[in-house]
Ligand SMILES: [Zn+2]
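Numbering (the numbering used here), first residue to last: 62 to 232.
Have a look at this one:
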């Protein structure tokens, strides 16, 4: 699948036109090369890591604010697999249960973010070099500690308001 963000054909330089594709709508197309260019963007996962009514927040890349564990999803990988892998890589915890909660497109990095809640086996964090520091907070505390006006905060608020303490929060 080729990049659909181009205006001109990357092969021959011809201006791309829009062509109807059955069940897909209008897709960018080069009539010289007879090739379609589908939309392309990054996909990442963002994890609310929980253990016994506490949630793990981290600080990263010299930032002063607490954020969620997150990482890019590799080509061919499911969001669930990526979440399990990233939690293990970044904070050394084993995910025993997970659930996709919400998704949102983040234009700054052309990334579709997929937010999951991940229950882990224990709270013994073994963080890697990408993590500056970490801390477990109660659900309520985490609400105040997480970076204001961030996508992490928006995802956490959704979790806090719609899942915590409710029956459907059982993951
Ligand atoms: Zn072309």
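Every residue, glycine too, gets a C-beta built ideally from N, C-alpha and C.
When the Cα of residue i is compared with those of the options, which residue comes out closest?
i, options, result
"residue 98", "224, 106, 82", "82"
"residue 39", "96, 104, 124", "The structure shown does not extend to residue 39, since the chain is modelled only from 62 to 232, so the question has no answer here."
"residue 79", "73, 66, 72", "66"
"residue 74", "84, 90, 86, 85", "90"
"residue 124", "170, 84, 194", "194"
"residue 210", "142, 171, 128, 190", "128"
"residue 70", "85, 167, 93", "93"
I'd like the list of long-range same chain contacts for residue i, defined as Cβ closer than 7 Å, with 5 residues on each side in sequence excluded.
i, result
"residue 144", "106, 108, 156, 159, 177, 179"
"residue 192", "119, 121, 151, 152"
"residue 220", "109, 162, 178"
"residue 200", "114, 116, 221, 225"
"residue 198", "115, 116, 118, 206"
Please report the Cβ distance between residue i and residue j, rounded to the nearest whole angstrom; I am assuming they are in contact, meaning their Cβ atoms lie under 8 Å.
i, j, result
"residue 147", "residue 188", "Contact flag wrong, Cβ pair sits at about 12 Å."
"residue 88", "residue 140", "Going by Cβ atoms, the distance from residue 88 to residue 140 rounds to 25 Å, so no, they are not a contact pair."
Got a sec? Which residues, its chain only, sit under 8 Å from residue i by beta carbon, not counting five neighbours each side?
i, result
"residue 216", "107, 109, 129, 162, 163, 165, 174, 176"
Who are the near neighbours of residue i in its chain, counting only those whose CB is closer than 6 Å to its CB and skipping five residues on each side?
i, result
"residue 230", "Model confidence at residue 230 stands at a pLDDT of 48, short of 50, so the residue's coordinates are unreliable; what they give is reported in the following sentence. Taken in chain order, the residues that qualify are 224."
Nearest-residue set for ligand 1, Cβ under 6 Å from any heavy atom: The set of residues with CB atoms less than 6 Å from any heavy atom of ligand 1 reads, in chain order, 70, 72, 73, 75, 91, 93, 94.
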